[in-house]
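Enquirer: In the numbering used here, the protein residues as written are 30 to 272.
Positions of the beta carbon are idealized from the N, C-alpha and C atoms, including for glycine.
Being a predicted model, the structure only gives us computed values, none of them experimental.
Structure below; questions to follow.
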Ligand SMILES: NC(=O)c1ccc[n+]([C@@H]2O[C@H](COP(=O)([O-])OP(=O)(O)OC[C@H]3O[C@@H](n4cnc5c(N)ncnc54)[C@H](O)[C@@H]3O)[C@@H](O)[C@H]2O)c1
């Protein structure tokens with residue numbers, strides 16, 4: 030299929046996990062992708078696997094200078110129509126075990142990174158005739174999640190930032206939506222023990238983790254024109270975990 034024919038899409042944190050699945054799917058749908066990450070070897074290997082439709086930029090989302098380089102890579106391809114703010118860290122700890130450094134680390138990557146990203150892409154997206162931004166939040170941005178106060182703070186923030194940006198950017202033809210995955214089978218969850226992961230699945234009515242391909246299909250819908258009247262929405266993709 031060609032649902033992203035002639036589209037150029039930037040995916041942060043795209044070297045592995047959900048971002049990598051999105052890169053593969055988007056290319057199969059006709060897009061060219063700019064994959065960015067701090068994981069240089071994995072990012073370059075993925076771009077090589079995807080051939081001429083993909084490029085990789087080493088990019089720390091907390092750095093405005095790095096963002097400028099990522100945007101320049103999209104510009105070199107001819108424009109920018111979609112951006113997935115996917116990069117994130119998850120270092121769970123309860124309130125009383127969270128120090129200021131851990132809190133700030135989450136804020137910088139998960140929240141500030143998304144803020145700089147949305148700001149950075151607007152001029153090129155506008156020049157490209159409009160576009161779609163998808164912010165990857167979490168079910169931790171929809172309800173109280175145990176033992177992850179810093180992570181939760183940032184994922185709730187993304188939900189609000191998405192709506193504020195959607196209002197600001199609608200006149201420019203740029204849509205902004207957030208998605209809220211439940212537990213997805215990626216390396217990010219390796220910080221939890223097998224027992225903790227099993228206990229978490231008990232809270233999921235569908236009693237299983239989601240896959241990266243299920244996430245990629247939803248993000249594809251939101252970056253493509255198939256969702257052309259959807260902006261400011263928060264879409265849970267969680268096997269019913271937030272019901
Ligand atoms: N896995 C889950 O259960 C789950 C659930 C809900 C939401 N999420 C969110 O989904 C997104 C993708 O996570 P994933 O599950 O694929 O995990 P992952 O750990 O495989 O992917 C996260 C990616 O972000 C990159 N990254 C981290 N810090 C960065 C920085 N400063 N600059 C650029 N890149 C950076 C990592 O190198 C990694 O490639 C994250 O935002 C995460 O919070 C994950």
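1) Quick one: what's got a C-beta closer than 8 Å to residue 232's C-beta in the same chain, skipping five residues either side?
2) What's the call for residue 124, buried or exposed, on a 16-neighbour Cβ count within 10 Å?
3) For residue 102, collect the residues of the same chain with a Cβ closer than 7 Å to its Cβ; drop the 5 residues on either side in sequence, then sort them by chain order.
4) Exposed or buried, residue 153, counting other C-beta atoms within 10 Å across all chains shown (16 or more means buried)?
5) What is the C-beta distance between residue 267 and residue 176, in whole angstroms, given that I count them as a contact (C-beta under 8 Å)?
6) Go through its chain and collect everything with a Cβ distance to residue 42's Cβ below 7 Å, but skip five positions before and after it.
7) Do residue 248 and residue 113 come within 8 Å of each other at the CB atom, strictly closer than that value?
8) In this structure, how does DSSP classify residue 38 when only helix, strand and coil are distinguished?
9) Between residue 130 and ligand 3, is there a pair consisting of the residue's CB and a ligand heavy atom that are separated by less than 7 Å?
10) Using the Cα positions of residue 253 and residue 79, report the straight-line distance between them to the nearest angstrom.
11) Do residue 33 and residue 59 have their C-beta atoms closer together than 8 Å?
12) Per DSSP, which one or two residues make a beta bridge with residue 112?
13) On the DSSP bridge assignment, give the partners of residue 156 in chain order.
14) Measuring alpha carbon to alpha carbon, tell me which residue in 194, 251, 156, 257 is nearest residue 107.
15) Let me check one thing: in DSSP terms, what residues is residue 239 bridge-paired to?
16) Give the secondary structure of residue 45 by DSSP, where H, G and I count as helix, E and B as strand, and everything else as coil.
17) Shortest alpha-carbon distance to residue 61 belongs to which of 217, 163, 257, 76?
18) Between which residues of its own chain and residue 44 is the CB-CB distance below 7 Å, once the five residues before and five after are set aside?
19) Select from 50, 54, 31, 262 the residue whose C-alpha is nearest the C-alpha of residue 163.
Expert: Taking the definition as stated:
1) Within the same chain, residue 232 has close Cβ partners 270.
2) Residue 124 counts as exposed, since fewer than 16 other beta carbons sit within 10 angstroms of its beta carbon.
3) Excluding sequence neighbours, residue 102 sits near 63, 84, 86.
4) In summary, residue 153 is buried, with 16 or more beta-carbon neighbours lying within 10 Å of its beta-carbon over all protein chains present.
5) Not confirmed; about 18 Å, so no contact.
6) Contacts found: 48, 66, 115, 116, 117.
7) Pairing residue 113 with residue 248 gives a Cβ-Cβ distance under 8 Å.
8) Here residue 38 sits in strand by DSSP.
9) Within the structure as shown, ligand 3 is missing, the only ligands being ligand 1.
10) Approximately 20 Å between the Cα atoms of the pair.
11) Residue 33 is a Cβ neighbour of residue 59, given a cutoff of 8 Å.
12) Answer by DSSP bridge pairing, in chain order: 39, 162.
13) Residue pairing of residue 156 in beta bridges, as defined by DSSP: absent, with no partner found.
14) Ranking the options by Cα distance to residue 107, first place goes to 156.
15) Looking at the DSSP output, residue 239 bridges to 213.
16) Residue state, collapsed to three classes: coil.
17) Taking only the C-alpha atoms, the option nearest residue 61 is 76.
18) So the list reads 64, 66, 68, 71, 72, 75, once near-sequence residues are dropped.
19) Nearest to residue 163 by C-alpha distance, out of 50, 54, 31, 262, is 262.
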